[in-house]
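Protein chains in written order, with my numbering: chain Z, 1 to 141; chain Y, 1001 to 1821. C-beta atoms are modelled at their ideal positions from N, C-alpha and C, and glycine is treated no differently. Data block below; observations after.
Listed below in structure tokens is the structure:
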């Protein structure tokens, strides 16, 4: 599955970093503005998919050198850990903790739910990219 | 209340299974250590029970033994009631457990693997059984009850190579499992109706329980549970079938303990339900029929194990009838039930030795059928002679001969029927049936005696080879008959020295109503000094039994007509299940979808029929607020209608995508940027996925065409009704008169800051959607990503990676076979 159009390849070269940047923004901003781990994961997946469509399987493997299942495992593990960690401290499941960091005068409000969100992001990326690349491989054969 | 008491009882309940499991940790060669450990389990139970009784005495309904919290939110806890009934049964079970473990060592002696497997399973059973008789909470009783069914299944189907044993195990499991369900239903019905969840509570409140329909229904269900477990007619067939089990199992489960669980349950239920009008007729009729049927069938068997199985059925019927007549004591004020625990103990003390000695004979002589045992006494070998002695002594007790506890027990039952028939003349029939059953038992003893002492020596001619090879005497062989001898000795000890028996049982007997034996069971000759109706009945029974025993009647192997019930119902269930399965599971997605959507529409239609207000458009709705929204909605609808019209798959995907992108537009119009963004990304990815999958699918040209119109109609109905429901749901919150908290308002209010509703904790985020996802409904999200991951794993395992494909291809080339995909 490859669409070797020069226009697409050139466009993707510029679009891809922007996509990832936007995904990161959506993920970080998610708790207070439009966005969130799920959306960010989907955005990043779309980026990966368009790259794979325009540059092909080999180039895609250079971009994402590990099997997508590792993203799923790590993501699920992270989310599960964040969810169960409060139990260790005698808190109910998924109770979120928050802290405020002061970095050079600017305040950064950190919520443990964001780590959970990161887990969601990784799972979504892993699943979407994994499925599409796997089915794509099947077509390439 | 002593707080340690429940833990002590819990330890007594758990000891057998723990000891049994611990034997598995030992190496197989340490047989003696294993045996010692396995014996220690039930022995510890006996010891702990003795300590408990010594410290706390026998509890009564007003002072239950205490509880350990388990699931407080379900009102479920581990509570025990060590009253007379429970303590007696617990000691019986644990004591018999010790005997059976020792016997099993000799029985399985040549087969170390079976022995290793036996101890944990038997321990599991012992613990379950102890739990049944000691539990105070009704649900705890049911739980242990089920565990006895499961362990019994494992023990009956012990011989894994024997298909028939497996079938018999299944029959027993189904029958008693059915009873278990009935018991659970009865307990839930009763508990839910009256709020009583404890036996102690039940007994204390017995007088105040109303006799309305629900209570009667609960009682009938509980009785079904008790009757199946205690093998009452017409579901008794599993018990003779269970004789496929090894002899230690038959002796323990199917004569002394498990089948008595039903009788025990009736003893527990007697104080509360005995006054029900249904109690006496139901129990007495079922019990009496079982008693006579079992006795007649027992006489008509050739196989010793079958004989004793049917006499067990008969005696269980007797016990049920006895408790049935006990109901008359609460209504009529007349003592009809007497010394119930003595009855039960007496049965255990002759039936278990009978079974044990049957197993011994199978080992020592290799024969179990009466004709093959002819002249057993004249056979050389100490083991066989000892077994013959025990067999005859136990048979004498089975017949209820004077000098045994069994004799007194039989007298007591006859006295009970006499008294009951004074109260209800119809119950005289039970007396006649009891005489007939007793005559059958006497006849069995006569036949046993004539067979064993027969003078034509021919043992083993027609028999199989002994299981124990003659040349290698096992030093544990004496254990084949020694436990049986010890048990039967207790029968005679109790019969000849009743003061000992009385001292033991006086403290725990719960239902002592009989004036004749008010001071305890009498000396052996005492009944003869006070002749009366019971003695006359005994005389008739013995005379008839002796005549019957020497006669040639009833000597063929009779097949119980009830043995057809199980195979027929099993076949029926399997066929019916097969048919239902294949009519529901067609294997076509379109059928499943049609069914699901039809049911959904019907449900909604039913709801609308029940509440016509649902058909009115919600107030305060302004459909023309956003013209762009209407336009996009029209696009979605058009795409949906066009979808079944087009035939090309790729075009369909694109049409579906168009509908999805129009939905994105809708979200934007109605100001939901999060949803719009998600939907947009999701549409992109799903269109790509669809196209990929469709290109991989084979061409669809041979598929039967499904007509468009019905599908379109169903789809429109479903779409319109679901859409309407969504509309109603969205406006339901707006139309609430009060400012009752709705979920939407709650989430909005608590997204950033908490309130007293959430213990002052908020989601600490301004994006409500995301806070819902990761905080309020975080558990859902965790579940969803797990599902996603599982789906991806499914794709990766169904479509294994490239590398593996290559390997398979190489392999196929090597072996010269094509890969079938």
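Within chain Y, partners of residue i - CB distance below 9 angstroms
i: residue 5 of chain Z; result: Neighbours of residue 5 of chain Z on chain Y: none; closest Cβ ~16 angstroms, over 9 angstroms.
i: residue 72 of chain Z; result: 1785, 1788, 1789, 1792 and 1793
i: residue 111 of chain Z; result: 1763, 1764, 1765, 1774 and 1775
i: residue 27 of chain Z; result: The premise fails here: residue 27 of chain Z is roughly 10 angstroms from chain Y at the closest Cβ pair, so nothing lies under 9 angstroms.
7 angstroms Cβ cut-off: residues of chain Y touching residue i
i: residue 116 of chain Z; result: 1774 and 1778
i: residue 58 of chain Z; result: Neighbours of residue 58 of chain Z on chain Y: none; closest Cβ ~12 angstroms, over 7 angstroms.
i: residue 34 of chain Z; result: 1673, 1674, 1677 and 1767
i: residue 120 of chain Z; result: 1781 and 1785
i: residue 30 of chain Z; result: 1767 and 1770
i: residue 38 of chain Z; result: 1678 and 1773
i: residue 88 of chain Z; result: Going along chain Y, no residue has its Cβ under 7 angstroms from residue 88 of chain Z, so there is no contact; the nearest lies around 17 angstroms.
Cβ shell of residue i (< 6 angstroms), same chain only, five flanking positions each side left out
i: residue 1023 of chain Y; result: 1034, 1037, 1038 and 1119
i: residue 1649 of chain Y; result: 1694
i: residue 71 of chain Z; result: 122, 125 and 126
i: residue 1265 of chain Y; result: 1226
i: residue 23 of chain Z; result: 40, 43 and 44
i: residue 1017 of chain Y; result: 1123, 1124 and 1127
i: residue 1462 of chain Y; result: Note on residue 1462 of chain Y: pLDDT 44, under 50, position unreliable in the model; the coordinate value appears next. Around residue 1462 of chain Y: 1372.
i: residue 1427 of chain Y; result: 1420 and 1421
i: residue 129 of chain Z; result: 45, 48 and 68
Residue i - partner residues in DSSP beta bridges
i: residue 1137 of chain Y; result: Y:1198
i: residue 1369 of chain Y; result: Y:1303
i: residue 111 of chain Z; result: Z:98
i: residue 1079 of chain Y; result: Y:1067
Close-in-space but distant-in-sequence residues of the same chain around residue i (CB under 7 angstroms, 5 per side omitted)
i: residue 1466 of chain Y; result: Residue placement at residue 1466 of chain Y cannot be trusted, given a pLDDT of 47 that sits under 50; what the coordinates show is reported in the next sentence. Closer than 7 angstroms at the Cβ level, and outside the excluded window around residue 1466 of chain Y, lie 1363, 1364, 1365 and 1366.
i: residue 1487 of chain Y; result: 1099, 1349, 1352 and 1353
i: residue 1246 of chain Y; result: 1107 and 1158
i: residue 1009 of chain Y; result: 1052, 1065, 1080, 1082 and 1134
i: residue 1166 of chain Y; result: 1157
i: residue 1357 of chain Y; result: 1387, 1390, 1391, 1394, 1481 and 1484
i: residue 1454 of chain Y; result: 1374 and 1375
i: residue 1153 of chain Y; result: 1169, 1172 and 1173
Contact under 8 angstroms by Cβ, residue i with residue j
i: residue 1279 of chain Y; j: residue 1241 of chain Y; result: no
i: residue 1227 of chain Y; j: residue 1145 of chain Y; result: no
i: residue 1771 of chain Y; j: residue 1755 of chain Y; result: no
i: residue 1662 of chain Y; j: residue 1668 of chain Y; result: no
i: residue 1140 of chain Y; j: residue 1078 of chain Y; result: yes
i: residue 54 of chain Z; j: residue 9 of chain Z; result: yes
i: residue 1774 of chain Y; j: residue 131 of chain Z; result: no
i: residue 1132 of chain Y; j: residue 1236 of chain Y; result: no
i: residue 1259 of chain Y; j: residue 1305 of chain Y; result: no
i: residue 1764 of chain Y; j: residue 5 of chain Z; result: no
i: residue 1096 of chain Y; j: residue 1257 of chain Y; result: yes
i: residue 1495 of chain Y; j: residue 1561 of chain Y; result: no
i: residue 1298 of chain Y; j: residue 1286 of chain Y; result: no
i: residue 1263 of chain Y; j: residue 1344 of chain Y; result: yes
Amino acids of chain Z, ordered along the chain, whose beta-carbon sits closer than 8 angstroms to that of residue i
i: residue 1682 of chain Y; result: 42
i: residue 1796 of chain Y; result: 69, 130 and 134
Amino acids of chain Y, ordered along the chain, whose beta-carbon sits closer than 8 angstroms to that of residue i
i: residue 139 of chain Z; result: 1692, 1695 and 1696
i: residue 45 of chain Z; result: 1681 and 1685
i: residue 93 of chain Z; result: 1779
i: residue 76 of chain Z; result: 1785, 1786 and 1789
Residues that residue i contacts on chain Z, provided the C-beta gap is smaller than 9 angstroms
i: residue 1689 of chain Y; result: 128, 131, 132 and 135
Contact set between residue i and chain Z, taken where Cβ atoms lie within less than 7 angstroms
i: residue 1799 of chain Y; result: 134 and 138
Residue i CB to nearest heavy atom of the ligand HEM below 7 angstroms
i: residue 1412 of chain Y; result: The ligand HEM is absent from the structure shown, which contains no ligands of any kind.
Same chain only: Cβ atoms within 8 angstroms of residue i, ignoring 5 sequence neighbours per side
i: residue 1712 of chain Y; result: 1641 and 1644
i: residue 31 of chain Z; result: 111, 113, 114 and 117
Contact with chain C by residue i, beta-carbon distance below 8 angstroms
i: residue 123 of chain Z; result: No chain C is part of this structure, whose protein chains are labelled Z and Y.
Any 3 or more C-beta pairs closer than 8 angstroms across the segment 1196–1205 of chain Y and the segment 1585–1597 of chain Y | no
Is the number of C-beta pairs between the segment 1175–1182 of chain Y and the segment 1036–1055 of chain Y that are closer than 8 angstroms three or more?
-> no
Spell out a yes or no on whether the segment 1203–1222 of chain Y and the segment 1261–1274 of chain Y are touching, meaning 3 or more CB-CB pairs, one atom from each, closer than 8 angstroms.
-> yes
Taking contact to mean at least 3 C-beta pairs separated by less than 8 angstroms, is the segment 1068–1079 of chain Y in contact with the segment 1429–1446 of chain Y?
-> no
Give a yes or no on contact between the segment 1597–1609 of chain Y and the segment 1640–1657 of chain Y, applying the rule of three or more CB pairs nearer than 8 angstroms.
-> no
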